[in-house]
Structures are given as structure tokens and as C-alpha cells.
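All remarks here apply to the structure that follows.
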Amino acid sequence: MRVLVTGGTIIDGTGAPGREGDVLLEDDRIAELGGTKLTPDVVVDARGLVVAPGFIDVHSHGDFTLPNDPEASAKILQGVTTEVVGNCGLGMFPANDRVNDLYRRITPLVFGESSAMCSETLSAYRERLEAAGCSVNVAPLVPHGNIRCHVMGMAERAPTPSEVASMGELVDEAMEQGSFGLSTGLVYPPGAYAKTDELVALAQRAAAHGGIYASHLRNEGGRLLQAVEEALSIGERAKIPVQISHHKAAGNFNWGKVRKTLAMIDRANAGGQNVHLDVYPYTAGSTVLSAMFVPIWAFEGSVEKMLERLRDPETRARVIRDSKELLLQFVDLPKWLAWMPKRWLLPVIVRKLGEVVVVSSVKRQHAYEGRSLLSIARERKRSLHDAAIDLLIEEDTAVAAIAHVMCEEDVQTVLRHPRTSIGSDGFPLREGKPHPRTFGTFPRVLERYVREIGLYRLEEAVFRMTDLPSRSIGLTGRGTLAVGHAADLVLFDAERVHDRATYQDPKRSPDGIRHVFVGGKWTVRDGAHTGARGGRVLARGKPKT
């Protein structure tokens with residue numbers, strides 16, 4: 040099948056100026072670019088539209104929803120044709136009974152119900168998705184949390200040498216089956232239990248196969264600089280490229296620190312390392328409420344064990360004490376206030392936290408969705424921590440939340456960095472009010488940061504959503520429009536792209552994304568999903584020797 044896309048402005052993903060020209064697709068590849076000679080079967084009129092490579096969501100959690108939502112409408116309607124999954128040390132492979140038990144606990148925290156179970160290997164996950172068909176391509180990372188749980192369960196200790204070797208073998212297997220690298224989530228158990236040496240040893244195994252190391256840092260608040268230093272150290276010691284995930288500085292006291300972390304990244308790159316980062320274009324993040332209010336030690340074992348701890352008055356009091364101590368770690372006082380004990384500020388910090396944390400999804404009490412935690416606590420006449428713990432107990436821990444903890448200046452500072460790609464960090468929830476980034480990340484960049492603010496030229500924005508993420512994770516044959524490359528295209532109206540997703544009404548797809556092709560299949564036509572499933576689970580090529 041030959042499809043001729045004619046009359047559009049080609050922005051090829053490299054950052055080069057747009058130019059008028061045609062693109063001819065033959066089956067799943069680009070056959071001609073610029074001028075065309077072959078006779079098409081189908082002609083697409085692209086007059087007034089930009090013709091660009093399909094967008095690459097470099098930081099996605101779509102792997103959890105794709106088995107049940109293979110059409111991936113939230114992403115494909117934004118123009119996303121490839122999702123990089125397995126991020127934050129969590130994912131759908133590899134698995135054994137221990138890992139499946141872990142996700143039987145984790146997925147209700149996020150989705151309010153059990154999601155699709157994991158696959159034993161990447162190969163099995165690939166077969167599973169491709170058997171049903173998928174509307175987007177999938178580029179998988181191997182998640183460290185699965186690797187650790189596979190070997191050690193939820194043990195909060197250092198691994199033995201034999202356990203490190205067993206984990207390394209699992210990394211080797213996933214890399215041999217096409218994984219693009221190793222990801223870590225160093226705030227989520229069991230990944231949070233790992234020390235740096237363990238991560239270096241496993242990153243070395245990924246490096247031997249030409250992979251990358253992608254990390255949700257150990258801290259994005261008061262110890263942000265130390266967390267970035269750890270990631271850079273792992274990259275240097277393991278001799279592996281580093282991708283710093285959804286880079287941010289969380290909490291008022293930490294705003295502005297990204298200027299220091301970006302300088303650290305620049306020094307690392309100048310010294311011979313290969314470091315990239317990604318960001319979502321919002322001043323709010325999202326995670327499970329338990330990650331905000333429950334210390335790591337309380338997660339050990341099962342959800343039932345955690346609920347027992349939260350119900351026990353003595354242990355609950357310890358949870359609250361430790362949670363408040365963790366809050367103080369987000370405070371890095373300026374020099375002129377260095378004399379002040381941080382604890383004096385705790386009431387102000389707790390109140391502010393209650394204002395900025397908004398419940399996005401619960402299992403039962405849906406009237407709380409979209410409300411701040413502070414308003415819920417006041418209604419219940421409870422302290423903020425008691426209200427949060429009560430809610431976790433009542434909802435079997437299945438509470439997701441949005442936290443408005445970043446500032447716009449920092450977001451723009453990170454967006455400007457030359458090695459920053461765009462990633463949504465999103466996945467759709469069936470219930471509640473998920474973060475709008477799941478539905479609006481890419482059109483938001485085009486509308487707000489190109490057309491309204493002028494932070495980027497259009498060609499640069501496309502580069503950061505296509506070629507740059509492709510190069511940072513090691514994709515080949517994607518990310519730019521070139522003869523022989525995959526026939527993944529997005530056609531959009533640059534003057535009319537409009538992000539419709541909001542915090543109060545997030546499940547709204549954008550306007551202005553007119554057509555999308557995945558593997559040559561016309562997947563979005565006139566802004567509507569056609570039902571086509573031309574995606575594949577991609578595999579990283581073997582490193583050059």
C-alpha cells in the first residue's frame with residue numbers, strides 16, 4: 040500500500056527549517072521524501088498542515104494499560120506513535136510469583152483494581168501485545184524493581200553476591216530480548232531499598248548490551264543535588280548513558296535548584312559522559328498518596344501488612360513521625376535562615392502540603408476526587424496526616440493524588456536545556472481525574488511553549504519530541520523523516536493545536552492533531568481513531584563492536 044502525503048510543510052525532526060514537500064509511504068516505511076515519483080494508492084491532502092515524525096513519549100507508564108487498552112487513544116490522539124515504557128523501575132516484565140504478588144498489591148494502589156498481570160520475560164510481553172495488536176509502538180526498559188523483587192522479594196537489605204549475579208542475569212536476558220536499558224525508581228519499594236553499588240553492578244550489565252540507565256531519582260526535593268550526583272556517578276562508574284526522568288525541583292524551598300543540577304549535567308557531558316533528561320510541561324506531579332505520606336519501611340510485606348501498621352495506634356504514630364521527618368528533608372533553608380530549626384516551620388509546611396495535594400482517584404469515595412487534602416481534613420476535623428492515613432485505610436490504599444509542587448520558571452528552565460526531551464509520565468485511569476499530562480502533554484508544548492510563549496521554535500519543539508528522544512534511548516529508524524525510516528507520521532495544524540485537558544476535566548483529547556500514521560497504517564483520521572493497530576514492541580539493536 041502506497042500513501043502519498045502531499046502539500047504539507049515537512050518538519051523532519053532534526054531541527055532544520057520546515058520546507059514544502061511530499062512524503063510517500065510504502066507499507067511500513069518512508070519510500071520517498073520531498074519529490075515523489077511512485078504512484079500512490081491513497082492521497083492525503085496535507086495543505087495547511089505540518090508533517091512531522093510521530094512523537095515519541097520518552098517517559099510513559101502505558102505498559103500497564105496497553106494490554107487492556109491496545110488502541111491507546113489518550114496517546115495516539117496527541118500524535119504519539121512510540122511510548123518508552125518500564126520507567127521508574129516498574130513495569131510488566133520480568134515476573135515470577137514474587138513479582139506478580141507485588142503487582143497484585145501495587146496496581147490497586149494506582150488503578151483501584153487489579154490491572155493486567157506481568158509477563159515472565161520481555162519476549163512474552165512482546166508476544167502478548169503483538170498478538171492482540173497495538174496502536175502505538177512500544178520501546179521497553181527493564182525495570183529494576185521487577186528485577187530486585189524477582190530475586191529478593193520485598194526484602195529491605197543489601198543483596199548477597201549471588202543475588203546480585205542472579206539479578207544481573209535477568210538484566211542480561213531482558214537486554215538480549217531487546218530492552219533499551221535499565222530503569223530505576225528510587226523512591227518506590229523495592230527499588231528504594233537498593234544502594235548505589237547494587238545499581239552500578241546492574242547498570243554495567245545493561246551497558247554491556249549498549250543500553251541506557253534511566254532513573255526516577257532518589258530525591259527531588261531537599262536532597263535533589265545529591266540524587267543527581269548519584270545518577271551521574273552510576274553513569275560514570277558503569278560507563279552507561281544516563282536519562283534523568285521527569286526532572287524537577289519539588290517544594291518552594293527547592294525552587295531554582297534546577298539551575299545547579301543542569302550545570303552538573305553540563306559538566307558531566309563536558310567530561311565525556313552522555314546524559315539526557317526529560318520533563319513534562321506542567322507544574323504539578325502525580326503519584327500514589329501512600330508514597331507521599333507513608334515511609335518506605337511501612338511498605339515491607341503486603342498491602343494487608345501495611346494496613347495493619349496504619350491501623351495500629353503505636354505504629355501509626357511512628358508512621359506520622361517519620362512522615363513529618365521526611366517532609367523536613369524537602370526544606371533547604373536559605374543561608375540567612377540557617378539559624379532557624381527546621382521543625383519550627385513544620386506547621387506551615389504541613390498546611391502548604393495539604394493545599395497543594397489534590398486527590399485524583401479513589402476506589403470508593405469518588406466525591407473526594409478533585410478536592411485538596413486540606414479540605415478533606417478540615418471536613419473530617421482531622422489533622423492532615425490522620426486524614427491521609429484514614430483515607431488510605433478506607434480505600435485499601437488505592438488513592439492517587441496530584442501535587443502542585445513545582446514552579447513555572449523551573450519548568451521552563453528545564454525545557455530550555457539542549458538535552459531535554461518531552462515525556463508525559465502518564466497513563467490513563469478508568470476512574471477519577473488523572474493528571475492531564477496523559478491526554479495533553481504534546482499539544483500543550485505546541486500550543487503554550489511554541490505558539491503562546493515562544494520558548495521554542497516549532498522545529499525545535501518537534502526535535503525534542505522526535506529525534507532527541509530517539510537518540511537518547513537508542514532508537515534507530517525513527518524520530519526523523521528519512522527514506523527507509525518507519526512510516527510513523529503526525530499531521531497537525533500548528534495554528535490550531537489546542538490542549539483541552541484540564542485538572543478538573545482531564546480526559547479530553549486535543550484539537551488540531553489531524554492525522555497519525557503508525558507503521559504506515561492510518562491510525563488517526565480527521566482527529567478520530569480509526570481502530571488501526573500498526574504498532575510493534577521494538578527491540579534495541581546489538582551494540583557495534
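Just so you know, my numbering puts 412 at position 373 of the sequence shown, and the rest follows in order with no gaps. Virtual Cβ for every residue (Gly too), placed ideally from N, Cα, C. Computed from a predicted model, the values in this text were never measured in an experiment.
Range of the contiguous beta strand (DSSP E) that encloses residue i
{"i": "residue 472", "result": "Unbroken run through residue 472: none, as it is neither H nor E."}
{"i": "residue 332", "result": "Careful: residue 332 lies outside any beta strand (DSSP E), inside the alpha helix (DSSP H) at 328-332."}
{"i": "residue 531", "result": "528-531"}
{"i": "residue 436", "result": "No beta strand (DSSP E) holds residue 436; DSSP gives it neither H nor E."}
{"i": "residue 459", "result": "459-461"}
{"i": "residue 83", "result": "81-84"}
{"i": "residue 219", "result": "From DSSP, residue 219 is part of no beta strand (DSSP E); its letter is neither H nor E."}
{"i": "residue 554", "result": "552-557"}
{"i": "residue 572", "result": "Residue 572 -> no beta strand (DSSP E), and no H or E assigned at all."}
Spatial neighbours of residue i in its chain, beta-carbon cut-off 6 Å, leaving aside the 5 residues before and after
{"i": "residue 366", "result": "388"}
{"i": "residue 86", "result": "46"}
{"i": "residue 551", "result": "531, 532, 535, 536 and 537"}
{"i": "residue 419", "result": "426"}
CB of residue i within 8 Å of CB of residue j, strictly
{"i": "residue 462", "j": "residue 97", "result": "yes"}
{"i": "residue 267", "j": "residue 283", "result": "yes"}
{"i": "residue 52", "j": "residue 484", "result": "no"}
{"i": "residue 415", "j": "residue 401", "result": "no"}
{"i": "residue 179", "j": "residue 160", "result": "no"}
{"i": "residue 554", "j": "residue 564", "result": "yes"}
For residue i, three-class secondary structure by DSSP
{"i": "residue 403", "result": "coil"}
{"i": "residue 22", "result": "Past the edges of the chain, shown from 40 to 584, lies residue 22, and the structure says nothing about it."}
{"i": "residue 41", "result": "strand"}
{"i": "residue 175", "result": "coil"}
{"i": "residue 282", "result": "strand"}
{"i": "residue 93", "result": "coil"}
{"i": "residue 263", "result": "helix"}
{"i": "residue 411", "result": "strand"}
{"i": "residue 385", "result": "helix"}
{"i": "residue 136", "result": "helix"}
{"i": "residue 129", "result": "coil"}
{"i": "residue 444", "result": "coil"}
{"i": "residue 252", "result": "strand"}
{"i": "residue 584", "result": "Annotation note: pLDDT 39 at residue 584 (below 50); position unreliable, coordinate value reported separately. If DSSP states are grouped into helix, strand and coil, residue 584 belongs with coil."}
{"i": "residue 100", "result": "coil"}
{"i": "residue 65", "result": "strand"}
{"i": "residue 123", "result": "strand"}
Endpoints, alpha helix (DSSP H) assigned at residue i
{"i": "residue 212", "result": "200-215"}
{"i": "residue 450", "result": "447-455"}
{"i": "residue 1", "result": "There is no way to answer for residue 1, as the model of the chain reaches only from 40 to 584."}
{"i": "residue 317", "result": "Taken as a continuous stretch (DSSP letters only), residue 317 belongs to no alpha helix (DSSP H), being part of the beta strand (DSSP E) at 314-318."}
{"i": "residue 541", "result": "That residue, residue 541, is in no alpha helix (DSSP H); it is neither H nor E in DSSP."}
{"i": "residue 183", "result": "183-191"}
{"i": "residue 502", "result": "497-504"}
{"i": "residue 241", "result": "235-246"}
{"i": "residue 588", "result": "Any question about residue 588 goes unanswered here, given that the chain covers just 40 to 584."}
{"i": "residue 425", "result": "423-433"}
is_contact[residue i, chain E] using C-beta, thresh 8 Å
{"i": "residue 99", "result": "As a matter of chain content, chain E is missing from the structure shown, which is built from one protein chain."}
Between the CA atoms of residue j and residue i - distance to the nearest angstrom
{"i": "residue 68", "j": "residue 559", "result": "7 Å"}
{"i": "residue 46", "j": "residue 271", "result": "46 Å"}
{"i": "residue 82", "j": "residue 40", "result": "11 Å"}
{"i": "residue 141", "j": "residue 491", "result": "44 Å"}
{"i": "residue 274", "j": "residue 249", "result": "13 Å"}
{"i": "residue 278", "j": "residue 111", "result": "35 Å"}
{"i": "residue 429", "j": "residue 443", "result": "22 Å"}
{"i": "residue 63", "j": "residue 482", "result": "25 Å"}
{"i": "residue 348", "j": "residue 106", "result": "34 Å"}
{"i": "residue 101", "j": "residue 568", "result": "17 Å"}
{"i": "residue 575", "j": "residue 359", "result": "46 Å"}
{"i": "residue 526", "j": "residue 465", "result": "25 Å"}
{"i": "residue 75", "j": "residue 61", "result": "7 Å"}
{"i": "residue 520", "j": "residue 91", "result": "7 Å"}
{"i": "residue 162", "j": "residue 216", "result": "6 Å"}
{"i": "residue 79", "j": "residue 42", "result": "5 Å"}
{"i": "residue 19", "j": "residue 227", "result": "Past the boundaries of the shown model lies residue 19; the chain is included only from 40 to 584, so the question cannot be answered."}
Same chain, Cβ closer than 8 Å to residue i, five either side skipped, listed in chain order
{"i": "residue 234", "result": "197"}
{"i": "residue 183", "result": "128, 221, 222, 223, 224, 230, 233, 238 and 241"}
{"i": "residue 109", "result": "168, 171, 172, 173, 174 and 572"}
{"i": "residue 409", "result": "397, 398, 399, 472, 542 and 543"}
Same chain, Cβ closer than 7 Å to residue i, five either side skipped, listed in chain order
{"i": "residue 583", "result": "Confidence is the limiting factor: at residue 583 the pLDDT is only 46, short of 50, which leaves the residue's position unreliable, though a coordinate-based value still follows. Cβ neighbours of residue 583 beyond the five flanking positions: none."}
{"i": "residue 158", "result": "131, 132, 134, 164 and 167"}
{"i": "residue 210", "result": "181, 186, 221, 241, 244 and 245"}
{"i": "residue 202", "result": "190 and 191"}
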